[in-house]
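Taking it in order: structure first as structure tokens, then the write-up.
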Amino acid sequence: MCGSMRDLVERFHPDLVVFEDVAMQNNAYSLVLLARLQGMLIWLCHTHETEFYIYASSSWRKALKFAQGRGHPRADLKRQAIEFARDTYGLELDEDMADAVSIGSAFITAYLGEETNV
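Have a look at this one:
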């Protein structure tokens with residue numbers, strides 16, 4: 001996964017990378033693994049002089065007005081991202097890709113002042 005991230009940054013030379021912050025996981029191993037991957041991505045951005053923004057999951061979901069909190073389990077949050085990608089962009093995506101599209105759209109909306117369907 002680290003190699004794939006490196007290859008993408010070196011291939012596309014992005015001006016900005018936006019990614020979700022690490023959140024508490026069901027087990028310590030998952031949390032450590034995600035934190036290491038996030039650290040690798042931060043390092044890649046620094047070494048390639050690429051600006052980055054780390055987005056808390058609750059923040060990007062709030063920016064897109066997703067229903068969240070008590071009564072909205074993980075499956076519901078993933079479903080909302082899938083529906084957002086489909087309804088906004090006409091994309092049929094798995095939950096991870098739909099989350100990525102949603103995170104990018106939330107950033108554009110909240111920080112660049114653009115509409116999410118750009």
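One point on numbering: in our numbering, the residue at position 46 of the sequence shown is 46, and numbering is uninterrupted.
All residues carry an ideal CB built from backbone N, CA and C; glycine is no exception.
The model shown is predicted, which means the values in this text are computed figures rather than measured ones.
Are the CB atoms of Asp64 and Arg6 nearer to each other than 9 Å? The sequence as given places Leu at residue 64; Asp does not occur at that position. Cβ atoms of Leu64 and Arg6: not closer than 9 Å.
Going by DSSP in three states, Leu16 sits in which element: helix, strand or coil? strand
Measuring straight from C-alpha to C-alpha, what distance separates Met24 and Leu37? 15 Å
Nearest to Ile108 by alpha carbon, out of Met40, Met97, Gly90 and Trp60? The candidate whose alpha carbon is nearest that of Ile108 is Trp60.
Simplified DSSP assignment, three categories, for Phe52: strand
Am I right that Leu41 and Phe19 are in contact with their C-beta atoms under 8 Å? What's the rounded C-beta distance? 6 Å
Alpha-carbon spacing of Glu10 relative to Ile54, whole angstroms: 20 Å
Check this for me: beta carbons of Ala190 and Glu95, under 9 Å apart or not? Outside the modelled stretch of the chain, which goes from 1 to 118, sits residue 190, for which no answer is possible.
Looking only at its chain, what residues have a beta carbon closer than 8 Å to the beta carbon of Thr50, apart from the 5 residues adjacent to it on each side? Val9, His13, Pro14, Asp15, Leu16, Val17 and Leu44
Please report the Cβ distance between Ser102 and Ala75, rounded to the nearest whole angstrom; I am assuming they are in contact, meaning their Cβ atoms lie under 8 Å. Taking the Cβ atoms as the reference, Ser102 lies roughly 15 Å from Ala75, outside the contact range of under 8 Å.
Taking all protein chains shown into account, do 16 or more other C-beta atoms lie within 10 angstroms of the C-beta of Leu112, making it buried, or fewer, making it exposed? exposed
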